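Data block below; observations after.
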Ligand SMILES: NC(=O)c1ccc[n+]([C@@H]2O[C@H](COP(=O)([O-])OP(=O)(O)OC[C@H]3O[C@@H](n4cnc5c(N)ncnc54)[C@H](OP(=O)(O)O)[C@@H]3O)[C@@H](O)[C@H]2O)c1
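In our numbering, the protein residues as written are 195 to 491.
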């Protein structure tokens, strides 16, 4: 099969498209013929050797965590899935023609593989941090960086729970943020005052890691009501850094339900082939993805 690997840590040029042995599922796993793999910032962070604590890597290594595809081998001890089923979920080395998933769910009706591959990690993250920041229906949540994958999930899940959201984003994403139910404003010069004009803020999420933790604490008035997923300096300000993933099976079930009800839709900004994986990483790393980027096989 064709697979994207890297044999040393480094820039996008360490990615290679090679012929490799297809993997086989162990107990509790399934193998899929991958139709699409989600591109996450974690993918290029792992490739650069940034987050080896959370994601230990043995070189050479495959790339990719999220995927959607067609089940074609089933490991021991599994019920509820058959060869030919369409599933989305999380595994390893998903930028490949075949990959093993350790957590999966059936794809909701009407969803394309390309769209489905975009949901797993960002929905897990969104559910986790909305829970950790402890924001309740009727309260107002500030989201720094609302237009990316995690932001798109956070905004829609919060809207569904009756939480009002103020989101920051670039000028080109203001209408997009509003379409997800948020009150929107741009980041950059004067943003704190613009947010203040919208009234009280009960909690805040830092998704962009753009060095705004002190301002988020100032706006909320309590560091315990601020959570960051992207700024490792957060604890210096008494703010929680959320880095340990929660339950992926819960997240996939929630995603399937929200998508089926029409309450969650994350657009795919751009699709790439396996041979274009380096371009996908360069574009993701540039930091202005609207929704998701996906590798289509
Ligand atoms: N700790 C964890 O568990 C965890 C889990 C998932 C992701 N993450 C991290 O969280 C971050 C976001 O992930 P993602 O998948 O949502 O990334 P993404 O899809 O690449 O989105 C990044 C978003 O940040 C926005 N942005 C860029 N500069 C900004 C600024 N100064 N202020 C506000 N927004 C800004 C961009 O919007 P504009 O185009 O509007 O600028 C873009 O939509 C990444 O750093 C990722 O590594 C951490």
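Glycine residues also receive a C-beta, built at the ideal position from the N, C-alpha and C atoms.
Just so you know, these numbers come straight off a predicted model, no measurement behind them.
Would you list the one or two residues that DSSP bridges to residue 466?
To locate residue 466, count along the chain shown from 1; it is residue 272. Paired residues: 489.
My output table needs one value for residue 380: the three-state DSSP class, helix, strand or coil.
In the chain shown, the residue the question calls residue 380 occupies position 186. In the structure shown, residue 380 sits in a strand (DSSP, three-state: E or B).
Please classify residue 217 as buried or exposed, where buried requires at least 16 neighbouring CB atoms within 10 angstroms.
Position 23 of the chain shown, counting from 1, holds the residue named residue 217. Buried.
Which of the three DSSP states, helix, strand or coil, is assigned to residue 258?
As a position in the chain shown, residue 258 is number 64, starting the count at 1. Residue 258 falls in the coil class under three-state DSSP.
To test your reading of the DSSP string, which unbroken beta strand (DSSP E) runs of 3 or more residues are found completely within the region 408-468?
Complete beta strand (DSSP E) runs here, min 3: 420-422 and 462-466.
If I follow the unbroken alpha helix (DSSP H) through residue 475, where does it start and stop?
In the chain shown, the residue the question calls residue 475 occupies position 281. Segment 471-479, the alpha helix (DSSP H) holding residue 475.
With the cut-off set at 8 Å, would you say residue 308 and residue 465 are in Cβ contact?
Indexing the chain shown from 1 puts residue 308 at position 114. Indexing the chain shown from 1 puts residue 465 at position 271. A contact, by the Cβ cut-off of 8 Å.
For residue 484, count neighbouring Cβ atoms within 10 angstroms of its own Cβ and tell me buried if that reaches 16, exposed if not.
As a first step, residue 484 is located in the chain shown; it is residue number 290 there, counting from the start. Answer is buried; the Cβ neighbour count reaches 16.
Helix, strand or coil for residue 248? Go by DSSP, reduced to three states.
Along the chain shown, one-based indexing puts residue 248 at 54. Of the three classes helix, strand and coil, the one that applies to residue 248 here is coil, per DSSP.
If I follow the unbroken alpha helix (DSSP H) through residue 394, where does it start and stop?
The sequence position of residue 394 within the chain shown is 200, counting from 1. No alpha helix (DSSP H) contains residue 394, which DSSP labels as neither H nor E.
So, do the region 254-265 and the region 439-451 have three or more beta carbon pairs nearer to each other than 8 Å?
At 8 Å Cβ cutoff, the stretches do not touch.
Identify which residue in 391, 316 and 451 has its Cα closest to the Cα of residue 486.
Along the chain shown, read from residue 1 onward, the residue named residue 486 stands at position 292. Residue 486 has its Cα closest to that of 316, out of 391, 316 and 451.
Do you know how far the Cα of residue 350 is from the Cα of residue 212?
For the purposes of this step, residue 212 is taken as the residue at position 18 of the chain shown. For the purposes of this step, residue 350 is taken as the residue at position 156 of the chain shown. About 38 Å.
Is residue 286 helix, strand or coil when you go by DSSP?
Within the chain shown, residue 286 is the residue found at index 92, counting from 1. In the structure shown, residue 286 sits in a strand (DSSP, three-state: E or B).
Is it buried or exposed, residue 422, if we count other Cβ atoms within 10 angstroms and call 16 or more buried?
By 1-based counting over the chain shown, the position of residue 422 is 228. Counting Cβ neighbours within 10 Å, residue 422 comes out buried, since at least 16 surround it.
At 4 residues or longer, and completely inside the region 211-241: list those alpha helix (DSSP H) runs for me, N to C.
Runs found: 235-241.
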